[in-house]
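K.L.:
Numbering (my numbering), first residue to last: 21 to 115.
In this text, a Cβ means the ideal position worked out from N, Cα and C, and glycines have one as well.
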Ligand SMILES: [Zn+2]
């Protein structure tokens, strides 16, 4: 994140003297600006993917499985029934 902002900052910073010095510096600054935008875009892409992963994890955590012995509804994180202690059958779990 800091790298993206720094690349953008130096890109714009170099653009001003680049007007006076020549094309070489303008090319460098434009390159830095492009790199900065790519890094920012990559960050948002990663965040979007990560956010959907968290949401999926939460949904799975909320899914309940019903004990076939006592009928108690247990959170998916439980390996054994909360009420009677019987092992929970995940193959019949409703998603
Ligand atoms: Zn049970």
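#1: To the nearest angstrom, how far is it from the Cα of residue 115 to the Cα of residue 83?
#2: Bridge partners of residue 100, per DSSP?
#3: Given this structure, state the Cα-to-Cα distance separating residue 87 from residue 61, to the nearest angstrom.
#4: Could you please give the first and the last residue of the uninterrupted beta strand (DSSP E) stretch that includes residue 85?
#5: Considering only the alpha carbon of each residue, which of 69, 108, 28 and 45 lies closest to residue 54?
P.N.:
According to the data block:
#1: Here residue 115 is taken as the residue at index 95 of the chain shown, counted from 1. Here residue 83 is taken as the residue at index 63 of the chain shown, counted from 1. Because residue 115 carries a pLDDT of 48, less than 50, the predicted location of this residue cannot be relied on, and the following value inherits that uncertainty. Approximately 6 angstroms, taken between the alpha carbons.
#2: Taking the first residue of the chain shown as position 1, residue 100 is located at position 80. Paired residues: 107.
#3: Here residue 87 corresponds to residue number 67 of the chain shown, with the count starting at 1. Here residue 61 corresponds to residue number 41 of the chain shown, with the count starting at 1. C-alpha separation (whole angstroms): 46 angstroms.
#4: Within the chain shown, numbered from 1, the residue matching residue 85 stands at position 65. Note, residue 85: beta strand (DSSP E), 84-86.
#5: Position 34 of the chain shown, counting from 1, holds the residue named residue 54. Comparing Cα positions, the closest option is 28.
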